[in-house]
Each structure stands twice: as C-alpha cells, then as structure tokens.
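Right, one structure below, let's go through it.
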Amino acid sequence: MRFGVWLLGVAALAAPLAAKDRLGVYYGWAAFRDATPLRCYAISAPEETMGKPTAKAFLSIGFWPNRKVTHQIYVRLSRERSTNSGITLSAGGRRFRLRAEGSSGWATDRRMDLAIIAAMRSATSLSVESIGRDGRSIVDAYSLRGAPSAIDSAAIGCVPTK
Numbered sequence: 068m069r070f071g072v073w074l075l076g077v078a079a080l081a082a083p084l085a086a087k088d089r090l091g092v093y094y095g096w097a098a099f100r101d102a103t104p105l106r107c108y109a110i111s112a113p114e115e116t117m118g119k120p121t122a123k124a125f126l127s128i129g130f131w132p133n134r135k136v137t138h139q140i141y142v143r144l145s146r147e148r149s150t151n152s153g154i155t156l157s158a159g160g161r162r163f164r165l166r167a168e169g170s171s172g173w174a175t176d177r178r179m180d181l182a183i184i185a186a187m188r189s190a191t192s193l194s195v196e197s198i199g200r201d202g203r204s205i206v207d208a209y210s211l212r213g214a215p216s217a218i219d220s221a222a223i224g225c226v227p228t229k
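Count along the sequence shown from 1, add 67, and you get the number used in the numbering used here.
Here it is as structure tokens:
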C-alpha cells in the first residue's frame, strides 16, 4: 500500500514536469533537466506525511550553472507552517535548521547544502519537520534510496558544454 501512495506522489510531481528532460528515475527519486535556462534537479515526494497534506510536498536539490548555483537544497512542506515555527531537516543523525519562508525552506548557505547532501548519502531516510498553522506537527518523511544517484545525475546533466 505504501508503494501505491508513493507512486501517486511521484506521478503528481511528474505531471507538471512532463515537458522537462528526464535524466533518470532512481527508486523514489528522479532527475530532470531544463534547457532554457539551463537547470537540473533531483526531486522526491515524501514517502509519509503526518496528518492530512494540503499541498504537494517535495524535496529537491537544484543546479543552475549559469547562476553558479549548485547542490541547492529546497523543501516544500505538506501543510502551511506557523510563522512562529522554523523548519528542521534531519538526516543521518544530523539536524539542520533551514531558512524558512512560508511553507518553503532552504539551507542557509552552500556549506549547509553540502553538509545535508553528505548526510543524505549516508542515511536511509530524511525528515522535514515544522509546526503547522493549526498548531499540529508537520513531519514529511523521505526515503533516500536512489537519492545519491538522482543527485549525481542532476549534477552531471548540468555540466556546461563549451
């Protein structure tokens, strides 16, 4: 049953991405490339969420070579976050406090982006947590099976050609 729910989540994410160049699908993760402007990303939907989601949550790692941005972590929560609550990402026994804006979160700097990716490479799961506007916990849990391959595929897909 869990696989069916996961498959629906990936299908929901893939629908708006249909026009993108698919670089590969790796279990619960996929990598895509846009030609104009050149950007690539690895992306996944949560395997589980706590409570009833009101938005399509996802976690992505983006690459924009023309902007000199690589390995950028981005999360969108499954529900609206309380303005008084932060967003915490946990992976591989490490916890990271993300920069929060609305229901979105980013690493605070490149060093944190790379530390999160290193933690992802050695972990089997990742969680993103916050407190919703309703005062209830938001927990979006991701499987990391396939994440390293998707991240590497996105990175290679955005190597600029000369």
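Note that CB positions come from ideal geometry on N, CA and C, so glycine has one too.
Reduced DSSP secondary structure (H/G/I, E/B, other) of residue i
i: residue 224; result: helix
i: residue 176; result: coil
i: residue 219; result: helix
i: residue 152; result: coil
i: residue 185; result: helix
i: residue 98; result: strand
i: residue 122; result: coil
i: residue 161; result: strand
Pairwise C-alpha distance: residue j and residue i
i: residue 112; j: residue 170; result: 15 Å
i: residue 207; j: residue 228; result: 37 Å
i: residue 70; j: residue 211; result: Confidence is the limiting factor: at residue 70 the pLDDT is only 37, short of 50, which leaves the residue's position unreliable, though a coordinate-based value still follows. Near 14 Å, if we compare the C-alpha coordinates of residue 211 and residue 70.
i: residue 199; j: residue 124; result: 13 Å
i: residue 130; j: residue 148; result: 26 Å
i: residue 81; j: residue 221; result: In this prediction, residue 81 has a pLDDT of 48, which is less than 50 and means its spatial position is unreliable; nothing more can be read from the coordinates.
i: residue 203; j: residue 190; result: 27 Å
i: residue 128; j: residue 121; result: 22 Å
With 16 other Cβ atoms within 10 Å as the buried cut-off, status of residue i
i: residue 214; result: buried
Among the options, nearest to residue i - alpha-carbon criterion
i: residue 139; options: 159, 203, 107 and 117; result: 107
i: residue 95; options: 216, 197, 196 and 153; result: 216
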